[in-house]
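Structure, as structure tokens:
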Amino acid sequence: MLGKRAMLSVTTGGWAEQYMDRAINGPIEHLLFPINHGALF
Amino acid sequence: MLPPFLVHSADRTNEEGFAEAAVAYRARLHNFFTDAPLVYRAQNGGDYEIPSLHLKDGLEGEGVTPPTTCTSSVNRLRGLGQFRTARARKINMLVKKVFTTNGSAPGQIDEASIKMRPAVSFSRTLPTHRCWRILSRGNASGNWVGLHYKGLGICGNH
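Top to bottom, those sequences are chains U and V. Numbering-wise, the first sequence is residues 6 to 46 according to the numbering used here. Numbering-wise, the second sequence is residues 635 to 792 according to the numbering used here.
Laid out in structure tokens, this is it:
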């Protein structure tokens, strides 16, 4: 993937506030990290 | 790797919400090749220690890899861990007394007031994208800061 661009397009069932720091679902950055960093970076 | 395009509460959207999302999505796609990517670090780019692949001290930052919810102070302290086994990790997660603070208001962290208790160690083996969460509360004897590991309950001092 070196030199390539990727962007996840994601729909969620919760409000934005539920994907923040200390929110029930955890920050969206953490949820997507295995894909963004683990697979696509 | 670009920041994700997100549509929250997608199951409860309507025509209007769909139209808004469509406009926003078109804008993101329009700027796909010019938007700034997420600040991820190359494994061998010099930012990680070798071979532990832990971020070097002083390179923490908002919105950069590895993402954390910690202050930089706590992040640095995490590097002081000694225990590497799963059991030790659990113990670390359940550690109650970690920091003492003076003077920070409830709900706020005054980095300068965070003092480390030397006996407490943090595990180096904690996944870097999941981080200790800092909680603070005020009490009669001064304010304290406790830590909370995601999903494992609150660890405050008593």
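Backbone N, C-alpha and C define an ideal beta-carbon position, used for all residues, glycine too.
Handout entry: Min CB distance D645/V to chain U below 8 angstroms
Key = In the second sequence, the residue the question calls residue 645/V occupies position 11. Closer than 8 angstroms: yes.
Exercise for the section: Could you tell me the boundaries of the beta strand (DSSP E) in which V673/V lies? Expected result: Looking up residue 673/V in the second sequence gives position 39. That residue, V673/V, is in no beta strand (DSSP E); it is neither H nor E in DSSP.
Practice task
Closer than 7 angstroms by C-beta to R710/V: which residues in its own chain qualify, once you throw out the five before and the five after it? Chain order, please.
Solution key: For the purposes of this step, residue 710/V is taken as the residue at position 76 of the second sequence. The predicted position of R710/V is uncertain, since its pLDDT is 39 and thus under 50; a value taken from the coordinates is nonetheless stated next. If we look at R710/V and ignore the five residues flanking it on each side, its Cβ neighbours are D691.
Exercise for the section: Note down the Cα distance separating A44/U from E650/V, rounded to an integer number of angstroms. Expected result: The count along the first sequence starts at 1 and reaches residue 44/U at position 39. The count along the second sequence starts at 1 and reaches residue 650/V at position 16. Distance between the alpha carbons of A44/U and E650/V is about 34 angstroms.
Handout entry: Beta-bridge partners of V15/U, as assigned by DSSP
Key = Residue 15/U sits at position 10 when you count from the first residue of the first sequence. DSSP, once it has assigned bridges, lists L640/V as partnering V15/U.
Problem - Beta-bridge partners of L689/V, as assigned by DSSP - result: Here residue 689/V is taken as the residue at index 55 of the second sequence, counted from 1. In DSSP, L689/V forms a bridge with Y682/V.
Problem - Per-residue contacts from Y659/V into chain U (C-beta, under 9 angstroms) - result: Within the second sequence, residue 659/V is the residue found at index 25, counting from 1. Under the 9 angstroms cutoff, chain U gives S14.
Practice task
Would you kindly report the start and end of the unbroken alpha helix (DSSP H) that includes G43/U?
Solution key: Your numbering for residue 43/U matches position 38 in the first sequence. Looking at the DSSP string, G43/U is not in any alpha helix (DSSP H), and its letter there is neither H nor E.
Exercise for the section: Quick one: grab the DSSP three-state call for L7/U. Expected result: What you label residue 7/U is simply residue 2 of the first sequence in a count that begins at 1. L7/U: coil per DSSP, three-state reduction.
Handout entry: 6 angstroms Cβ shell around D26/U - same chain, five flanking residues per side excluded
Key = Taking the first residue of the first sequence as position 1, residue 26/U is located at position 21. Counting only Cβ-Cβ distances below 6 angstroms, and skipping sequence neighbours, we find P32.
Practice task
Could you check what DSSP says for E694/V in three-state terms: helix, strand or coil?
Solution key: By 1-based counting over the second sequence, the position of residue 694/V is 60. The answer is coil: DSSP assigns E694/V none of H, G, I, E or B.
Practice task
Report all residues from its chain with a CB closer than 6 angstroms to the CB of Q23/U; omit the five preceding and five following residues, and keep chain order.
Solution key: Here residue 23/U is taken as the residue at index 18 of the first sequence, counted from 1. Correct list, in chain order: I29, N30.
Handout entry: Check whether Y682/V and L689/V have beta carbons under 8 angstroms apart
Key = Position 48 of the second sequence holds residue 682/V. Position 55 of the second sequence holds residue 689/V. Result yes, Cβ atoms of Y682/V and L689/V sit closer than 8 angstroms.
Exercise for the section: Below 6 angstroms CB to CB, which residues in the same chain sit around A655/V once its five sequence neighbours on both sides are set aside? Expected result: Along the second sequence, read from residue 1 onward, the residue named residue 655/V stands at position 21. V641.
Exercise for the section: Over the uninterrupted alpha helix (DSSP H) stretch that includes E654/V, give me the two end residues. Expected result: As a working mapping, residue 654/V is identified with position 20 in the second sequence. Run containing E654/V: 649 to 664, per the alpha helix (DSSP H) assignment.
Exercise for the section: Check I33/U in the structure and name its three-state DSSP category. Expected result: Here the question's residue 33/U lines up with position 28 in the first sequence. Three-state result, I33/U: helix.
Problem - Any chain V beta carbon closer than 8 angstroms to A11/U - result: The count along the first sequence starts at 1 and reaches residue 11/U at position 6. Yes, A11/U lies at the interface with chain V (some Cβ there is under 8 angstroms from its Cβ).
Exercise for the section: Determine the chain V residues that contact G19/U at a beta-carbon separation under 8 angstroms, and present them in chain order. Expected result: The count along the first sequence starts at 1 and reaches residue 19/U at position 14. Chain V residues near G19/U: H642, S643.
Handout entry: Cβ of P638/V within 8 angstroms of any chain U Cβ
Key = The residue you call residue 638/V lines up with position 4 of the second sequence. Answer yes: the Cβ-Cβ gap between P638/V and chain U drops below 8 angstroms somewhere.
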